[in-house]
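Trainee: Just add 4 to wherever you are in the sequence shown, counting from 1, and you've got full-length UniProt numbering. The C-beta atom is built at its ideal place from N, Cα and C for all residues, glycine as well. Since the model is a prediction, treat every value here as computed from it, not as a measurement. The structure's right below; bear with me while I get my questions together.
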Amino acid sequence: LTLLGIESSCDDTGAAVVTGTPGEARVLSSVVQGQGQLHAAFGGVVPEIAARAHAERLDHCVAEALETAGIALRDVDAIAVTAGPGLIGGVLSGVMCAKGLAAATGKPLIGVNHLAGHALTPRLTDAVAFPYLMLLVSGGHCQFLLVRGPDDFTRLGGTIDDAPGEAFDKAARLLALSQPGGPSVEAEARAGDPARLRFPRPLLDRPGCDLSFSGLKTALLRARDEMMTDNALHRQDRADLCAGFQAAIVETLREKTRRALEIYLQDAPAVPVLAVAGGVAANGAIRVALQELCDQNGTRFTAPPLALCTDNAAMIAYAGMERHAVGESDGMDLSARPRWPLDRRAPAMLGSGK
Ligand code: ATP
Ligand code: FE
5 LTLLGIESSC DDTGAAVVTG TPGEARVLSS VVQGQGQLHA AFGGVVPEIA
55 ARAHAERLDH CVAEALETAG IALRDVDAIA VTAGPGLIGG VLSGVMCAKG
105 LAAATGKPLI GVNHLAGHAL TPRLTDAVAF PYLMLLVSGG HCQFLLVRGP
155 DDFTRLGGTI DDAPGEAFDK AARLLALSQP GGPSVEAEAR AGDPARLRFP
205 RPLLDRPGCD LSFSGLKTAL LRARDEMMTD NALHRQDRAD LCAGFQAAIV
255 ETLREKTRRA LEIYLQDAPA VPVLAVAGGV AANGAIRVAL QELCDQNGTR
305 FTAPPLALCT DNAAMIAYAG MERHAVGESD GMDLSARPRW PLDRRAPAML
355 GSGK
């Protein structure tokens, strides 16, 4: 099977070609065009600008993905596209592009949940078997998913407010570090003392796998203001703030992951696997903490390469392949959905962790 995938749910325009079968697939091409500069001046993604940029760039991304893969559009078996959740204008741009290609070629159209794309990536990169535990941790999401099949996700918990990536980005803004915040806070933290300042570990005292990160930035703001003299922050103070802030996130994620693992291991999986995805999975301190936790629990730890951890279309093509393989597809009435919880048991308003 060879699938073309299209992604446009946030601020990355992507097109990719993936070939093979579920559990044994490989990426022939993956084109991602970020929109960082377009939104930089506004301090966040502007939905209208994003939708327009996607619409302008999709054709080119698709052409490039096909060319790099060395195939023609008529050679693909199906066209997969992110149908949500995400910024609705962007999702619509992608869905309309995919519908056009499907109508022109007569190929099946397959709508994919963006979160399913992230959650199934370990099967593309590492041939991981079901069931596995997924920690999806990015700029917009933070949730634990028990993945029992390509369409069987149970949400064990997640953030009740901000996602960690968002927290890192806000922290960087408060400390005048460059965006995206995660890498710059992590770099600063290396020179800092994580024990000097103790930031809150929200919800650790409560049972379950839910997390909260919004209180952290308030604590950071207060600590920063106490350290500032003449509106300036000493280098070491800034490094210590970053180290303490990161330590709070690492420790919270570690403890909640421990609890999620406990639930997952009750299923007695033959080969227990914890997988992470999302941009925050790039964080070295988080990776080390999760690896240690897995070592203690006889669980394999896996993280896709960074390019497939952040938003991309290869994961969409792959998730589409999983659907196509069981004979599923959508009609021309496929709609774009701003909200679309993966876990059908989860209430829609709580589903995304946004
Ligand atoms: P989503 O995919 O949920 O819609 P997004 O597109 O913002 O959200 P990603 O592209 O997966 O998310 O990841 C970007 C986020 O990852 C940013 O918030 C960034 O700060 C964070 N990030 C990247 N590298 C690191 C790192 N080394 N440490 C911590 N966070 C990081
Ligand atoms: Fe994403």
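Please confirm whether any heavy atom of ligand 1 lies closer than 6 Å to the CB of CYS246.
Mentor: On the sequence shown, residue 246 is found 242 positions in, with the first residue counted as 1. Flag unset: Cβ of CYS246 not near ligand 1.
Trainee: In whole angstroms, what is the alpha-carbon distance linking ARG262 and THR158?
Mentor: Looking up residue 262 in the sequence shown gives position 258. Looking up residue 158 in the sequence shown gives position 154. For ARG262 and THR158, the distance between alpha carbons rounds to 17 Å.
Trainee: Would you grab the beta carbon distance between LEU84 and GLY324 for me? Rounded to a whole angstrom, and I think it's under 8 Å.
Mentor: Residue 84 sits at position 80 when you count from the first residue of the sequence shown. Residue 324 sits at position 320 when you count from the first residue of the sequence shown. Looking at the sequence provided, one finds Ala at residue 84 rather than Leu. About 2 Å separates the two Cβ atoms, so the contact holds.
Trainee: Go through the residues and name those whose CB comes closer than 6 Å to any heavy atom of ligand 2, in chain order.
Mentor: In chain order, the qualifying residues are HIS118, HIS122, SER142, ASP315.
Trainee: Ordered along the chain, which non-local residues of its own chain (more than five positions away) have a Cβ less than 8 Å from that of PRO273?
Mentor: Residue numbering aside, residue 273 sits at position 269 when the sequence shown is read from its first letter. Excluding residues within five positions, the ones whose Cβ falls inside 8 Å are PRO135, TYR136.
Trainee: Go ahead and label LYS319 buried or exposed: buried means 16 or more other beta carbons lie within 10 angstroms of its beta carbon, across all protein chains shown.
Mentor: Residue 319 sits at position 315 when you count from the first residue of the sequence shown. One detail in the question is off: residue 319 reads as Met in this sequence, not Lys. Per the 10 Å Cβ criterion, buried.
Trainee: According to the Cβ coordinates, are ASP244 and ASP173 closer than 7 Å?
Mentor: The residue labelled residue 244 in the question sits at position 240 within the sequence shown. The residue labelled residue 173 in the question sits at position 169 within the sequence shown. Contact flag unset, no.
Trainee: Is any heavy atom in ligand 1 found nearer than 6 Å to the beta carbon of CYS14?
Mentor: What you label residue 14 is simply residue 10 of the sequence shown in a count that begins at 1. Yes.
Trainee: For GLY212, which residues of its own chain have a beta-carbon under 6 Å away from its beta-carbon, when the five flanking residues on both sides are left out?
Mentor: One-based indexing of the sequence shown puts residue 212 at position 208. Excluding residues within five positions, the ones whose Cβ falls inside 6 Å are GLY161.
Trainee: When the Cα of ARG327 is compared with those of GLY115, ALA199, CYS101, ARG349, which residue comes out closest?
Mentor: Taking the sequence shown and counting its residues from 1, one reaches residue 327 at position 323. ARG327 has its Cα closest to that of GLY115, out of GLY115, ALA199, CYS101, ARG349.
Trainee: In the DSSP output, which residue or residues are listed as bridge partners for ASN301?
Mentor: The residue you call residue 301 lines up with position 297 of the sequence shown. None, per the DSSP bridge assignment.
Trainee: Per DSSP, what are the beta-bridge partners of LEU150 in this structure?
Mentor: Position 146 of the sequence shown, counted from the first residue, corresponds to residue 150. DSSP output for LEU150 lists LEU137, THR158 as bridge partner(s).
Trainee: To the nearest angstrom, how far is the alpha carbon of LYS358 from that of PRO187?
Mentor: Against the sequence shown, residue 358 aligns to sequence position 354. Against the sequence shown, residue 187 aligns to sequence position 183. Only weak support exists for where LYS358 lies, its pLDDT of 37 falling under 50; the value from the coordinates is given anyway. Taking the straight line joining both Cα atoms gives about 21 Å.
Trainee: According to DSSP, what are the bridge partners of ASN117?
Mentor: Translated into the one-based positions of the sequence shown, residue 117 becomes position 113. Answer is GLY88, bridged to ASN117.
Trainee: Closer than 6 Å to a non-hydrogen atom of ligand 1 - does that hold for the CB of PHE148?
Mentor: The sequence position of residue 148 within the sequence shown is 144, counting from 1. False, no ligand heavy atom lies under 6 Å from that Cβ.
Trainee: Based on the DSSP secondary-structure assignment, which residues constitute the bridge partners of GLN37?
Mentor: Taking the first residue of the sequence shown as 1, we reach residue 37 at position 33. Beta-bridge pairing links GLN37 to THR17.
Trainee: Would you say CYS14 and ASP315 are within 7 Å of each other, going by their C-beta atoms?
Mentor: Here residue 14 is taken as the residue at index 10 of the sequence shown, counted from 1. Here residue 315 is taken as the residue at index 311 of the sequence shown, counted from 1. Their beta carbons are under 7 Å apart, which means CYS14 touches ASP315 by this criterion.
Trainee: On the DSSP bridge assignment, give the partners of ARG30 in chain order.
Mentor: The residue you call residue 30 lines up with position 26 of the sequence shown. ARG30 is bridged to THR23.
Trainee: Would you mind working out which of ALA120, GLN250, PRO345 sits nearest ALA191, comparing C-alpha positions?
Mentor: The residue given as residue 191 occupies position 187 in the sequence shown. Nearest of ALA120, GLN250, PRO345 to ALA191, Cα basis: GLN250.
Trainee: Can the beta-carbon of ALA69 be found closer than 7 Å to that of VAL35?
Mentor: Residue 69 sits at position 65 when you count from the first residue of the sequence shown. Residue 35 sits at position 31 when you count from the first residue of the sequence shown. Their beta carbons are under 7 Å apart, which means ALA69 touches VAL35 by this criterion.
Trainee: Alpha carbon to alpha carbon, how far is PRO154 from ALA29?
Mentor: Counting from 1 along the sequence shown, the entry for residue 154 is found at position 150. Counting from 1 along the sequence shown, the entry for residue 29 is found at position 25. If I take the Cα positions, the gap works out to 14 Å.
Trainee: Figure out for me which residue from ILE92, LEU5, GLY94, ALA286 has the closest Cα to the Cα of ASP79.
Mentor: Reading the sequence shown from its first residue, position 75 is the one you call residue 79. For the residues ILE92, LEU5, GLY94, ALA286, the minimum Cα distance to ASP79 belongs to LEU5.
Trainee: Tell me whether LYS358 sits in a helix, a strand or coil according to DSSP, three-state version.
Mentor: On the sequence shown, position 354 is the one that residue 358 refers to. Because the pLDDT of LYS358 is 37, which lies under 50, any placement of that residue in the model is unreliable, and the number read from its coordinates should be weighed accordingly. Coil, per DSSP.
Trainee: Return the first residue and the last residue of the alpha helix (DSSP H) that ILE320 is part of.
Mentor: Mapped onto the sequence shown, residue 320 falls at position 316. It spans 318-329 - the alpha helix (DSSP H) in which ILE320 sits, taken as one unbroken run.
Trainee: For LEU119, I'd like the list of residues in its chain whose CB is within less than 6 Å of its CB, leaving aside the five on either flank, ordered along the chain.
Mentor: Numbered from 1 along the sequence shown, position 115 holds the residue referred to as residue 119. Cβ within range, chain order: LEU346.
Trainee: To the nearest angstrom, how far is the alpha carbon of ALA199 from that of ARG205?
Mentor: Locating residue 199 in the sequence shown gives position 195, counting from the first residue. Locating residue 205 in the sequence shown gives position 201, counting from the first residue. Going by the C-alpha atoms only, they are around 14 Å apart.
Trainee: Is HIS58 buried or exposed, if buried means 16 or more other CB atoms sit within 10 Å of its CB?
Mentor: In the sequence shown, counting from the first residue as 1, residue 58 sits at position 54. By the neighbour-count rule (16 or more Cβ atoms within 10 Å), HIS58 is buried.
Trainee: SER33: which of LEU312, SER218, ARG341, ALA54 sits nearest, CA to CA?
Mentor: One-based indexing of the sequence shown puts residue 33 at position 29. Among LEU312, SER218, ARG341, ALA54, the Cα nearest to that of SER33 is on LEU312.
Trainee: In terms of alpha-carbon separation, which member of GLY48, LEU139, PRO308, CYS246 lies closest to PHE203?
Mentor: Translated into the one-based positions of the sequence shown, residue 203 becomes position 199. The candidate whose alpha carbon is nearest that of PHE203 is CYS246.
Trainee: Cα-Cα, which of LEU124, PRO89, LEU278, ASP81 is closest to LEU105?
Mentor: On the sequence shown, position 101 is the one that residue 105 refers to. Closest option to LEU105, Cα to Cα, is ASP81.
Trainee: What is the C-beta distance between ALA87 and ARG349, in whole angstroms, given that I count them as a contact (C-beta under 8 Å)?
Mentor: Within the sequence shown, numbered from 1, the residue matching residue 87 stands at position 83. Within the sequence shown, numbered from 1, the residue matching residue 349 stands at position 345. Their Cβ separation, rounded to whole angstroms, is 20 Å, which puts ALA87 and ARG349 out of contact at 8 Å.
Trainee: Can you list the beta strand (DSSP E) stretches of 3 or more residues lying completely in the region 252-287, in chain order?
Mentor: Entirely contained in the region 252-287, the beta strand (DSSP E) runs reaching 3 residues are, in chain order, 277-281.
Trainee: Expressed to the nearest angstrom, what Euclidean distance is found between the alpha-carbon atoms of GLU296 and GLY90?
Mentor: On the sequence shown, position 292 is the one that residue 296 refers to. On the sequence shown, position 86 is the one that residue 90 refers to. One C-alpha to the other measures close to 33 Å.
Trainee: Taking all protein chains shown into account, decide if GLY144 is buried (16 or more other Cβ within 10 angstroms of its Cβ) or exposed.
Mentor: Taking the sequence shown and counting its residues from 1, one reaches residue 144 at position 140. Result: buried.
Trainee: What is the DSSP secondary structure of THR163, reduced to helix, strand or coil?
Mentor: What you label residue 163 is simply residue 159 of the sequence shown in a count that begins at 1. THR163: strand per DSSP, three-state reduction.
Trainee: Where does ARG202 fall in DSSP's three states?
Mentor: As a position in the sequence shown, residue 202 is number 198, starting the count at 1. Residue state, collapsed to three classes: coil.
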